[in-house]
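2 protein chains.
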Amino acid sequence: MGGDKAPQIVVEGAHLARETHPNAKFIIYGDEAQIKPLVAKYPGLERCLEVRHTPDKVTSHDKPAHALRHGRNSSMRLAIDAVARGEADCVVSAGNTGALMAMALFSLKRMPGIHRPAIATYMPTKIPGHGTVLMDLGANAECTSQNLLEFAVLGGLFSREIFKIAEPRIALLNIGSEAMKGDELVQAASEVFATATLPGKYVGFAEGDEIMTGNFDVVVTDGFTGNVTLKTIEGTAKLIKHMMKEAFKSSIWARVGAVLCLPGLAICYHALKKFSKRMDPRYYNGASLLGLRGLCIKSHGGTDGIGFANAIGVAGGLAANKFTAKVEAELERLGFSAEPAPPTEGA
Amino acid sequence: MGGDKAPQIVVEGAHLARETHPNAKFIIYGDEAQIKPLVAKYPGLERCLEVRHTPDKVTSHDKPAHALRHGRNSSMRLAIDAVARGEADCVVSAGNTGALMAMALFSLKRMPGIHRPAIATYMPTKIPGHGTVLMDLGANAECTSQNLLEFAVLGGLFSREIFKIAEPRIALLNIGSEAMKGDELVQAASEVFATATLPGKYVGFAEGDEIMTGNFDVVVTDGFTGNVTLKTIEGTAKLIKHMMKEAFKSSIWARVGAVLCLPGLAICYHALKKFSKRMDPRYYNGASLLGLRGLCIKSHGGTDGIGFANAIGVAGGLAANKFTAKVEAELERLGFSAEPAPPTEGA
Chain A
1 MGGDKAPQIV VEGAHLARET HPNAKFIIYG DEAQIKPLVA KYPGLERCLE
51 VRHTPDKVTS HDKPAHALRH GRNSSMRLAI DAVARGEADC VVSAGNTGAL
101 MAMALFSLKR MPGIHRPAIA TYMPTKIPGH GTVLMDLGAN AECTSQNLLE
151 FAVLGGLFSR EIFKIAEPRI ALLNIGSEAM KGDELVQAAS EVFATATLPG
201 KYVGFAEGDE IMTGNFDVVV TDGFTGNVTL KTIEGTAKLI KHMMKEAFKS
251 SIWARVGAVL CLPGLAICYH ALKKFSKRMD PRYYNGASLL GLRGLCIKSH
301 GGTDGIGFAN AIGVAGGLAA NKFTAKVEAE LERLGFSAEP APPTEGA
Chain B
1001 MGGDKAPQIV VEGAHLARET HPNAKFIIYG DEAQIKPLVA KYPGLERCLE
1051 VRHTPDKVTS HDKPAHALRH GRNSSMRLAI DAVARGEADC VVSAGNTGAL
1101 MAMALFSLKR MPGIHRPAIA TYMPTKIPGH GTVLMDLGAN AECTSQNLLE
1151 FAVLGGLFSR EIFKIAEPRI ALLNIGSEAM KGDELVQAAS EVFATATLPG
1201 KYVGFAEGDE IMTGNFDVVV TDGFTGNVTL KTIEGTAKLI KHMMKEAFKS
1251 SIWARVGAVL CLPGLAICYH ALKKFSKRMD PRYYNGASLL GLRGLCIKSH
1301 GGTDGIGFAN AIGVAGGLAA NKFTAKVEAE LERLGFSAEP APPTEGA
């Protein structure tokens, strides 16, 4: 449930995800009357999918605290609770991000040593098959250097898991590469990073135009800057696509030229399809809430069935690899779990 | 002088800028022995260009305070001083941004009522001929809500001047459009903006993916977020260009297809040229240092002659329209100049 186009995209996503995860079982929480007819459209889907009815839902306008207090029977909360009691391996939601984080924090709890869970995803880079983990994407608008350090640890472990990079290169997002650059937060964080034991190597500052060069494996920033960065990447890609389409429609000659390109483009079909897949945000859909004692994946609210299936794929991959248990073991090994996380700070 | 490829790009930029500004006169400060042979390459350029020799320069590694103290005879400082004493209408530099701001602040002084000058540029949008003014781009890594208010005023006046928009729609960059979203700074700034007299209309929050939709005329943020945003846009555009080129080279068939597209592309030539010009960062080169009592334009350090010529064009356009005098008059009318700017805050 949740998201701009639920429950359609959720059901279609489950259907499509069967291709890559043929043994996956789904529990969908939400309005049975809406969901059941959608499930019936996909042959065999009802055999691996259970619908659990609840009329309650969290809307995109609900404040996290309100959702937490009044949404005990919402589809979002019930899905998270299924992970908390071990009935489900992971929860995937396209709903309200703030509410999802608040409920997941309450129900799944923080990992020992983590003060603030954060949202991570990976961005495409110039190197095929490589992605840069970017976090936090908006869970924590205001951060301390300790928060950023924990993001670096979680991001490093995520990079190891997803891209099998043994020693991820971890950078702090900044407005220059020189040591003196930046605000107080990055200056303080850089000092902390330089002496900390990380699952990877701290390599200094990365600028905004270096996130996708492939020179870094993890780029750490506060949730305000991270969210603006993520959305700026989306906005730029959209603008370029729009301008390119406009160019081919801008005059009769441009249209004639575009038609004459078609045979050539048909021959390039596979290359262009690969390109457009590398650029398609749906194939990067599925941001992970890291630092929780259970898997929780946030899908873009405006995605479609393909995008939602990809978010399910991220969840399935992490679940199959016992990511949560691995991270907890690593945090203990790195000495993070020794620090008790004060409960008041986690809200 | 200054920038990665000076003085070549400076001389070539002056040569190219003559096309749009045939009456412009140039003073180039720097190493005469390097500059004179370059000038000789362009017929007639020496008639509108004077070279003033100085061996000193500010390097990209100099800290602003160091440059200010030890760079009194640097090409950057001498060029700024020429504006300060009214000999030149504007200064254009591709050098060290921090040093340029520090020297310009010292030599040109702040406008009355402006605590912190800021760097502004405009980004392309979906609407041809329209640009969104984005600021601050990095002069002030840490800001107060009063700083952001002053940026909004300067940005609004800049939008009026450059795009002739009578009532610019001014937004605050944030991580959501709902009133509760964001960090303390945007929350405080939003309250201040809602009741302030602005040269335009405060329309609330803009997210990262809305900067280039054309729905806003001015997007205001602190220098840390603004710099990351600007560079993220650059990095995303570069990645897309790279991936597209790679796609057409990825296999024999892709290469054959690309060749077969050539006649069609030739027919689209004008449309594609227009597209690539709209996407080419050189044509957006030239960020303005706003809030100073003199015109100072910062060129991208890595640009070429075409990019530098564009930065000269921005400077020439603002100078011809007496932008500085207009802004000072508007600040007084809006009641900003009444507040004395404490000198300690301006450094």
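Residue numbers (the working numbering), protein chains in the order written: chain A, 1 to 347; chain B, 1001 to 1347. All C-beta atoms, glycine included, are put in the ideal place defined by N, C-alpha and C.
Report, in whole angstroms, the separation of the C-beta atoms of residue i and residue j, which I expect to be a contact under 8 Å.
{"i": "A/T349", "j": "A/G30", "result": "Outside the shown range of chain A, which is 1 to 347, sits residue 349 of chain A, and nothing can be said about it."}
{"i": "B/V1228", "j": "A/T225", "result": "6 Å"}
{"i": "A/R52", "j": "A/I27", "result": "6 Å"}
{"i": "B/E1167", "j": "B/G1131", "result": "About 16 Å separates the two Cβ atoms, so there is no contact after all."}
{"i": "B/S1145", "j": "B/L1185", "result": "6 Å"}
{"i": "A/A271", "j": "B/A1271", "result": "About 22 Å; that fails the 8 Å criterion."}
Considering Cα atoms alone, identify which of the options is closest to residue i.
{"i": "A/S288", "options": "A/A271, A/R77, A/A139", "result": "A/A139"}
{"i": "B/M1244", "options": "A/K231, A/S276, A/G223, A/N227", "result": "A/S276"}
{"i": "A/R85", "options": "A/A309, A/R293, A/N321, A/R333", "result": "A/R293"}
{"i": "A/G156", "options": "A/G305, A/A196, A/G13, A/T144", "result": "A/A196"}
{"i": "B/A1079", "options": "B/H1242, B/L1331, B/M1101", "result": "B/M1101"}
{"i": "B/I1114", "options": "B/N1321, B/R1018, B/G1291, B/C1143", "result": "B/G1291"}
{"i": "A/G13", "options": "A/C296, A/G286, A/E328, A/A320", "result": "A/G286"}
{"i": "A/T20", "options": "A/N321, A/E328, A/N310, A/H70", "result": "A/N310"}
{"i": "B/L1173", "options": "B/R1047, B/T1324, B/F1216", "result": "B/F1216"}
{"i": "B/A1179", "options": "B/A1206, B/P1168, B/S1159, B/L1295", "result": "B/A1206"}
{"i": "B/E1142", "options": "A/E46, A/K274, A/G182", "result": "A/G182"}
{"i": "B/A1320", "options": "B/E1050, B/G1305, B/D1089", "result": "B/D1089"}
{"i": "A/E330", "options": "A/W253, A/E184, A/E161", "result": "A/E161"}
{"i": "B/K1241", "options": "A/L230, A/M279, A/G200, A/I252", "result": "A/M279"}
{"i": "A/S74", "options": "A/D56, A/F163, A/V91", "result": "A/D56"}
{"i": "A/G316", "options": "A/I119, A/A171, A/L272, A/V91", "result": "A/V91"}
{"i": "B/G1071", "options": "B/P1281, B/A1104, B/L1318, B/T1324", "result": "B/A1104"}
{"i": "A/S251", "options": "B/S1251, B/W1253, B/F1248, B/K1273", "result": "B/K1273"}
{"i": "B/F1158", "options": "B/Q1146, B/A1118, B/G1176, B/L1185", "result": "B/A1118"}
{"i": "B/L1295", "options": "B/I1312, B/G1305, B/D1136", "result": "B/I1312"}
{"i": "B/Y1202", "options": "B/T1221, B/I1170, B/H1015, B/E1184", "result": "B/I1170"}
{"i": "B/Y1269", "options": "A/C261, A/G335, A/S93, A/E184", "result": "A/C261"}
{"i": "A/K326", "options": "A/L154, A/K5, A/V83, A/D222", "result": "A/L154"}
{"i": "A/L137", "options": "A/D222, A/G129, A/L185, A/P168", "result": "A/D222"}
{"i": "A/P7", "options": "A/M76, A/R69, A/D81, A/N23", "result": "A/M76"}
{"i": "A/G176", "options": "B/L1230, B/L1239, B/I1297", "result": "B/L1230"}
{"i": "B/E1087", "options": "B/Y1283, B/D1004, B/E1050", "result": "B/E1050"}
{"i": "B/L1038", "options": "B/H1015, B/V1083, B/N1023, B/R1069", "result": "B/H1015"}
{"i": "B/A1082", "options": "B/G1305, B/A1033, B/K1025, B/G1129", "result": "B/K1025"}
{"i": "A/V314", "options": "A/S93, A/P128, A/K36", "result": "A/S93"}
Could you check where the beta strand (DSSP E) with residue i kicks off and where it finishes?
{"i": "B/P1382", "result": "Nothing about residue 1382 of chain B can be read from this structure; chain B reaches only from 1001 to 1347."}
{"i": "A/T232", "result": "Per DSSP, A/T232 belongs to no beta strand (DSSP E); it is in the alpha helix (DSSP H), 223–249."}
{"i": "B/V1133", "result": "1131–1135"}
{"i": "B/A1024", "result": "B/A1024 -> no beta strand (DSSP E), and no H or E assigned at all."}
{"i": "A/L172", "result": "169–173"}
{"i": "B/V1218", "result": "1218–1220"}
{"i": "B/K1201", "result": "1201–1206"}
Examine the ligand ADP and report whether any of its heavy atoms sits within less than 7 Å of the Cβ of residue i.
{"i": "B/T1121", "result": "Looking for the ligand ADP in the displayed structure turns up nothing, as the structure carries no ligands at all."}
From which residue to which residue does the alpha helix (DSSP H) around residue i run?
{"i": "B/K1326", "result": "1323–1333"}
{"i": "B/V1010", "result": "1008–1017"}
{"i": "A/G305", "result": "305–320"}
{"i": "B/K1274", "result": "1269–1279"}
{"i": "A/P53", "result": "A quick correction: the sequence has His, not Pro, at residue 53 of chain A. Element bounds for A/H53: not the alpha helix (DSSP H) but the beta strand (DSSP E), 49–53."}
{"i": "B/A1065", "result": "1064–1070"}
{"i": "A/I162", "result": "145–163"}
{"i": "B/P1037", "result": "1032–1040"}
{"i": "A/M76", "result": "75–84"}
{"i": "B/V1192", "result": "1184–1195"}
Taking DSSP's pairing of strands, which residues face residue i in a bridge?
{"i": "A/I297", "result": "A/V92, A/S288"}
{"i": "B/R1110", "result": "B/L1292"}
{"i": "B/Y1029", "result": "B/R1052"}
Could you tell me whether the stretch 1261–1280 of chain B touches the stretch 254–270 of chain A, where touching means 3 or more Cβ pairs closer than 8 Å? yes
Open item on the list: Count Cβ pairs between the stretch 117–129 of chain A and the stretch 210–218 of chain A that sit closer than 8 Å; are there 3 or more?
Closed with: yes
Using 8 Å as the threshold, is the stretch 108–122 of chain A in touch with the stretch 1149–1158 of chain B, meaning 3 or more CB pairs across them? no
Quiz item: Is the stretch 297–310 of chain A touching the stretch 86–97 of chain A, taking contact as three or more C-beta pairs under 8 Å?
Solution: Contact check between the stretch 297–310 of chain A and the stretch 86–97 of chain A: three or more CB pairs, one atom from each, fall below 8 Å, which counts as touching.
Query raised in the report: Given 8 Å as the limit, is there contact between the stretch 35–48 of chain A and the stretch 56–76 of chain A, that is, 3 or more CB pairs closer than that?
Result: Because the criterion of three Cβ pairs below 8 Å is not met, the stretch 35–48 of chain A and the stretch 56–76 of chain A do not touch.
Does the structure place the stretch 1186–1203 of chain B close enough to the stretch 1226–1239 of chain B that three or more beta carbon pairs sit under 8 Å? no
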